[in-house]
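**Student:** Once you've had a glance at the structure underneath, I'll fire off some questions.
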Amino acid sequence: MKAEKDMEKAEKELVSVEKKLDIKQQFLSAMNNAPTPAQQRKALLALFAEKGINPIEELMNFTSDDEVPLKERISIWKELASYTQPKLKSVDISATVSGEMKVVTMDFSKLTQDQLMKQADADIVDLDDYNEFISEEDKNDVEGLT
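Letter 18 of the sequence shown, counting from 1, is numbered 8 in the numbering used here, and no numbers are missing.
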C-alpha cells in the first residue's frame, strides 16, 4: 500500500517535471528560432522597399514643411544627424603633477643697480634644461638671440 502511494506520488512529480522540461525546451526552441537583430532589420528594410517608403526621405520632408513646429523640425534634424555625425564623448583625464617653485623676495631699497643685475643674472634659468617644452619656432628665436 505505501509503495503504491509513493509510486503514484512519484508519477505525479514526474509528470510535473516533464511539463516543466517541455516548457523550457519550447522556450529554448523559440529563442533559437527568433530572428536576430540583423534579420529583423532586413525584414523591415524589405517591408519599406515593398511599400516604397524611405524613412529618411519622409523625415526630411517634415523638415521643410512650415506647418511642422520649429522645435519638432530641429528634433528631426538632430535625429538625422545622429546617423552621419558621431556624438562626442567626454574623456576623463587624470594625472598627478608635481614640481617645485622658487619664490624670491627682495628688498630693492637697499640694493644698488650692480647688485640687482648680479642677482638677476644668478636667477636666470638655463634654457637647455627646458628644451623639451620649447617649440621649434621658439628654439630658433632663442638661438637668434644668443
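All residues carry an ideal CB built from backbone N, CA and C; glycine is no exception.
Going by the CB atoms, is the gap between L49 and L18 shorter than 8 Å?
**Tutor:** Start at 1 with the first residue of the sequence shown, and residue 18 comes out as number 28. Start at 1 with the first residue of the sequence shown, and residue 49 comes out as number 59. Result no, Cβ atoms of L18 and L49 do not sit closer than 8 Å.
**Student:** Leaving out the 5 sequence neighbours to the left and right, which residues in its chain are closer than 8 Å to F38 when beta-carbon positions are compared?
**Tutor:** Within the sequence shown, residue 38 is the residue found at index 48, counting from 1. Around F38: N44 and P45.
**Student:** For a test of the three-state rule: what should DSSP assign to S84, helix, strand or coil?
**Tutor:** Within the sequence shown, the letter at position 94 stands for residue 84. The answer is coil: DSSP assigns S84 none of H, G, I, E or B.
**Student:** Tell me which residue opens and which closes the alpha helix (DSSP H) that E138 is part of.
**Tutor:** This structure does not reach residue 138, given that the chain is present from -9 up to 136, and the question cannot be answered.
**Student:** Tell me whether D128 sits in a helix, a strand or coil according to DSSP, three-state version.
**Tutor:** The count along the sequence shown starts at 1 and reaches residue 128 at position 138. Helix at D128.
**Student:** Grab me the residues of F52's own chain with a C-beta within less than 6 Å of its C-beta, minus the 5 sequence neighbours each way, in chain order.
**Tutor:** Indexing the sequence shown from 1 puts residue 52 at position 62. Counting only Cβ-Cβ distances below 6 Å, and skipping sequence neighbours, we find V58 and I66.
**Student:** Rounded to the nearest angstrom, what separates V180 and D128 at their Cα positions?
**Tutor:** The structure shown does not extend to residue 180, since the chain is modelled only from -9 to 136, so the question has no answer here.
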